[in-house]
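Enquirer: Okay, so the sequence shown: first residue is 702 according to our numbering, each after it adds one. Even glycine gets a Cβ: it sits at the ideal position worked out from N, Cα and C. Sharing a structure below in structure tokens format, with a few things to ask.
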Amino acid sequence: MAKALNNQDLIRKLKPNPLKPFYRRAVHSHVGSGLYVKVTAAAGRKYVARYIIKGKPVDVTIGNAMSMTLQEAKDKHLEGYNLAADGLDPRLSWQARIKSNEQATTMQSLFDEWLQFYGATPSQRSKRIPAPKTVREHQARWNRYCKAELGPLLVRDVNRQILVPFLRKLATTVPVEARHQLNVLRAMLSYAEDCQLIDDNALRGVTSGKIGGSAGAIGKRFLTVPEIVRVWQTLETQEEAGLLGKHLSTAIKILILTGARRDEVAGMRWQELDLQSGTWEINSERTKNRRPHTVYLAPETIQLLQNLEMFEGNDFVFSGQGRGTAIHPDSINTAIARLLGSRTSRTTHPAPLQDFEPFSPHDLRRSASTGWSQRCGAANDVIEAMLNHSKPRLEETYNKNQRQEQQKRVWHEWAYVVTAVLFESNGEPTESIAPRAAELAGQEITPYSAAHSIVMTTLVNALAAWLKEKNMSRVAAAQILGAHPQRLEEIEKGLSKNFTFESLSHMLAKAGKEVTVCISDI
702 MAKALNNQDL IRKLKPNPLK PFYRRAVHSH VGSGLYVKVT AAAGRKYVAR
752 YIIKGKPVDV TIGNAMSMTL QEAKDKHLEG YNLAADGLDP RLSWQARIKS
802 NEQATTMQSL FDEWLQFYGA TPSQRSKRIP APKTVREHQA RWNRYCKAEL
852 GPLLVRDVNR QILVPFLRKL ATTVPVEARH QLNVLRAMLS YAEDCQLIDD
902 NALRGVTSGK IGGSAGAIGK RFLTVPEIVR VWQTLETQEE AGLLGKHLST
952 AIKILILTGA RRDEVAGMRW QELDLQSGTW EINSERTKNR RPHTVYLAPE
1002 TIQLLQNLEM FEGNDFVFSG QGRGTAIHPD SINTAIARLL GSRTSRTTHP
1052 APLQDFEPFS PHDLRRSAST GWSQRCGAAN DVIEAMLNHS KPRLEETYNK
1102 NQRQEQQKRV WHEWAYVVTA VLFESNGEPT ESIAPRAAEL AGQEITPYSA
1152 AHSIVMTTLV NALAAWLKEK NMSRVAAAQI LGAHPQRLEE IEKGLSKNFT
1202 FESLSHMLAK AGKEVTVCIS DI
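This is the structure in structure tokens:
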């Protein structure tokens, strides 16, 4: 009798016998005997196991010897042997497993089902459904990082030993994305647990730190006013040269003046604007925190919008290439990247800001909020409201009307600061600034001229005299004037260049002071 085969290569090299329809060779197994390889001209080489089922010997084909390894054949033979020893028919058990696998949920189908549920279910915190953009981002991340490796796996087979190493490997290259995917996978498995597809969530208790994930660095880049002026001047020269569209150029300027989010500006609609009253009403469907937001538009901002052409049949302020569409938010990033030289331009012109420290659209938002604080003396709670950051409901409703007036003042003052420095840099007067001076001086004067300097010095001196007369602490005076205490120290030192017409006139109004400025011929 031939010796039992125990070499996979020898088994796969067995040839059919032309004189016989088939023949069998014994194969070494875990239980000593009962495993064979059956060789036929028609079917090739197959592993066959002989079991005693209900007292009778039965041959069961367990796999193709060309695709199943010898070790896999031995393991399956042993599994069938144990089933038969327990009085079960291995064939029926394996058929039931195949049927169960066909009906089992894969990670891909679980993700698809969970994402649909997630996109239609209000958040427990905000009581609103997720924004479509958030849903699209989850889909994109899954497709990029998880679909190929995790998608085909059966949900019931997925455990911590599979997921944690996967996430740790992901974290070595993209730690921020690893953190996002941990949250998504945990939510998916929690959903599967609720649907009774699994007994326990394999990622329960696994934190971002345990897989090497990261929340990402907090952005610190903000542009100083001189930097903002240079960006503004570059936008205008690029637009005049035909290298940048008017809509994109204006959108970036609106980002600078309003501090609004990129997507909010890109999707701005004419119906949201009331240019007569100077307001931009952003509904809750378009804001990040799902709360409506009012932006008070300065005259300079209104002028920019009025200079845009309104296309028939398109309600979007910044029209895209398709009919009735807006510019894509990413086009703003692309435009800035080309100015910086970090994105290839279609032209041979050098990048005008290639020596500039890189910045993003969100950095312009940070620049505006920094300017509101440093240049306009805005309080933190006012800035938070202008940024539309979420606040507790009690704080949200407290003294709301007064805060709206403060917001309006800061937006107007910030636009004035930017455009005043802009035109000073250009060496030109501006029609949008001169009326501000006329309101205070009683005559039309050029900002940053000698007359302008006299007006500003007079106003600062008047406030300094009021502070000396009241003889109160800076904190108490700041509360009355609606200014930061540090700004009052600058007034006492006579630093008029640190202020604008609007900020000084606002504080004088709060102090109840009327100032008459007489300017002789200069």
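#1: Please report the residue range of the beta strand (DSSP E) in which LEU736 lies.
#2: Could you give the first and the last residue of the continuous beta strand (DSSP E) run that contains ASP1224?
#3: Measuring alpha carbon to alpha carbon, tell me which residue in ARG869, VAL926, LYS848 and GLN1004 is nearest VAL907.
#4: Nearest by alpha-carbon distance to LEU974: which of LEU1182, ASP787 and LEU1005 is it?
#5: Rounding to the nearest angstrom, what Cα-Cα distance links ASP900 and VAL859 in this structure?
#6: Quick one: measure Cβ to Cβ for ALA750 and VAL761, integer angstroms, because I've assumed they're closer than 8 Å.
#7: Using the Cα positions of PRO1186 and TYR997, report the straight-line distance between them to the nearest angstrom.
#8: Between which two residues does the beta strand (DSSP E) holding TRP981 run?
#9: State whether the segment 1077-1093 contacts the segment 949-958, with contact taken as three or more CB pairs (one from each stretch) at a distance under 8 Å.
#10: Is GLU1106 buried or exposed, if buried means 16 or more other CB atoms sit within 10 Å of its CB?
#11: To the nearest angstrom, how far is it from the Cα of GLN862 to the Cα of PRO876?
#12: Hey, could you find the ends of the alpha helix (DSSP H) VAL926 is sitting in?
#13: Less than 8 Å between the beta carbons of LEU1182 and MET1208, yes or no?
#14: Taking C-alpha atoms, which residue in HIS1090, HIS948 and TRP933 lies nearest to THR1026?
#15: Measuring straight from C-alpha to C-alpha, what distance separates LEU854 and LEU811?
#16: Would you identify the three-state DSSP class for ILE955, choosing helix, strand or coil?
#17: The alpha helix (DSSP H) that contains PRO831, what's its start and end?
#18: Could you have a look at ASP1016 and say whether DSSP puts it in helix, strand or coil?
#19: Please classify GLY1195: does DSSP put it in a helix, a strand, or coil?
#20: I need the straight-line Cα distance from LEU924 to GLN939, nearest angstrom please.
#21: Between ILE929 and SER1068, which are expected to be in contact by the criterion C-beta below 8 Å, what is the C-beta distance as a whole number of angstroms?
#22: Should LYS704 be labelled buried (16 or more other beta-carbon atoms within 10 Å of its own) or exposed?
#23: Roughly how many whole angstroms lie between the Cα atoms of ASN1172 and GLY1195?
#24: Do the segment 1028-1039 and the segment 1052-1061 touch if we need at least three Cβ pairs shorter than 8 Å?
#25: Please list the terminal residues of the continuous beta strand (DSSP E) segment that includes ARG713.
#26: Excluding five sequence neighbours on each side, which residues of the same chain lie with their C-beta closer than 8 Å to the C-beta of ARG992?
#27: Let me make sure I understand the geometry here. Which of ILE1003, ARG962 and ARG970 has the alpha-carbon closest to that of THR988?
Expert: So, to answer that:
#1: The residue given as residue 736 occupies position 35 in the sequence shown. Unbroken beta strand (DSSP E) run through LEU736: 736-741.
#2: The displayed coordinates of the chain run from 702 to 1223. Any statement about residue 1224 would go beyond what the structure contains.
#3: Taking the first residue of the sequence shown as 1, we reach residue 907 at position 206. Checking every option, the nearest Cα to that of VAL907 belongs to ARG869.
#4: Stepping through the sequence shown from its first residue, residue 974 is reached at position 273. With distances taken between CA atoms, LEU974 lies nearest to LEU1005 out of LEU1182, ASP787 and LEU1005.
#5: Along the sequence shown, read from residue 1 onward, the residue named residue 900 stands at position 199. Along the sequence shown, read from residue 1 onward, the residue named residue 859 stands at position 158. So the two alpha carbons sit approximately 12 Å from each other.
#6: Here residue 750 refers to the residue found at position 49 when the sequence shown is read from its first residue. Here residue 761 refers to the residue found at position 60 when the sequence shown is read from its first residue. Contact annotation, ALA750 with VAL761: C-beta distance approximately 5 Å; criterion of less than 8 Å satisfied.
#7: Position 485 of the sequence shown, counting from 1, holds the residue named residue 1186. Position 296 of the sequence shown, counting from 1, holds the residue named residue 997. In a straight line, the C-alpha of PRO1186 is about 25 Å away from that of TYR997.
#8: As a first step, residue 981 must be located in the sequence shown, where it is residue number 280. Looking at the DSSP string, the run of the beta strand (DSSP E) that includes TRP981 is 980-983.
#9: The segment 1077-1093 makes no contact with the segment 949-958, as fewer than three CB pairs between them are under 8 Å.
#10: Along the sequence shown, one-based indexing puts residue 1106 at 405. Classification for GLU1106: exposed.
#11: Counted from its first residue, the sequence shown places residue 862 at position 161. Counted from its first residue, the sequence shown places residue 876 at position 175. A direct Cα-Cα distance of roughly 19 Å separates GLN862 from PRO876.
#12: Taking the first residue of the sequence shown as 1, we reach residue 926 at position 225. Its alpha helix (DSSP H) spans residues 926-941.
#13: Start at 1 with the first residue of the sequence shown, and residue 1182 comes out as number 481. Start at 1 with the first residue of the sequence shown, and residue 1208 comes out as number 507. Judged by beta-carbon spacing, MET1208 lies within the 8 Å limit of LEU1182, meaning their Cβ atoms are closer than that value.
#14: Along the sequence shown, one-based indexing puts residue 1026 at 325. Comparing Cα positions, the closest option is HIS948.
#15: Here residue 854 refers to the residue found at position 153 when the sequence shown is read from its first residue. Here residue 811 refers to the residue found at position 110 when the sequence shown is read from its first residue. Rounded to the nearest angstrom, the two C-alpha atoms are 10 Å apart.
#16: Translated into positions along the sequence shown, residue 955 becomes position 254. In the structure shown, the three-state DSSP call for ILE955 is helix.
#17: In the sequence shown, residue 831 corresponds to position 130, counting from 1. Element bounds for PRO831: n/a, residue is neither H nor E.
#18: Position 315 of the sequence shown, counted from the start, is the residue given in the question as residue 1016. Three-state DSSP puts ASP1016 in coil, outside helix and strand.
#19: To locate residue 1195, count along the sequence shown from 1; it is residue 494. Reduced to three states, the DSSP call for GLY1195 is coil.
#20: Numbered from its first residue, the sequence shown carries residue 924 at position 223. Numbered from its first residue, the sequence shown carries residue 939 at position 238. Going by the C-alpha atoms only, they are around 20 Å apart.
#21: Locating residue 929 in the sequence shown gives position 228, counting from the first residue. Locating residue 1068 in the sequence shown gives position 367, counting from the first residue. Here ILE929 really is in contact with SER1068; their C-beta atoms are around 6 Å apart, less than 8 Å.
#22: The residue you call residue 704 lines up with position 3 of the sequence shown. Residue burial annotation: LYS704 is exposed, with fewer than 16 other C-beta atoms found within 10 angstroms of its C-beta.
#23: If you number the sequence shown from 1, residue 1172 lands on position 471. If you number the sequence shown from 1, residue 1195 lands on position 494. For ASN1172 and GLY1195, the distance between alpha carbons rounds to 17 Å.
#24: Enough Cβ pairs lie closer than 8 Å, so yes.
#25: Counted from its first residue, the sequence shown places residue 713 at position 12. Run containing ARG713: none in the beta strand (DSSP E); it sits in the alpha helix (DSSP H), 709-713.
#26: Taking the sequence shown and counting its residues from 1, the one referred to as residue 992 is at position 291. So the list reads SER985, ASN1089 and SER1091, once near-sequence residues are dropped.
#27: Translated into the one-based positions of the sequence shown, residue 988 becomes position 287. Among ILE1003, ARG962 and ARG970, the Cα nearest to that of THR988 is on ARG962.
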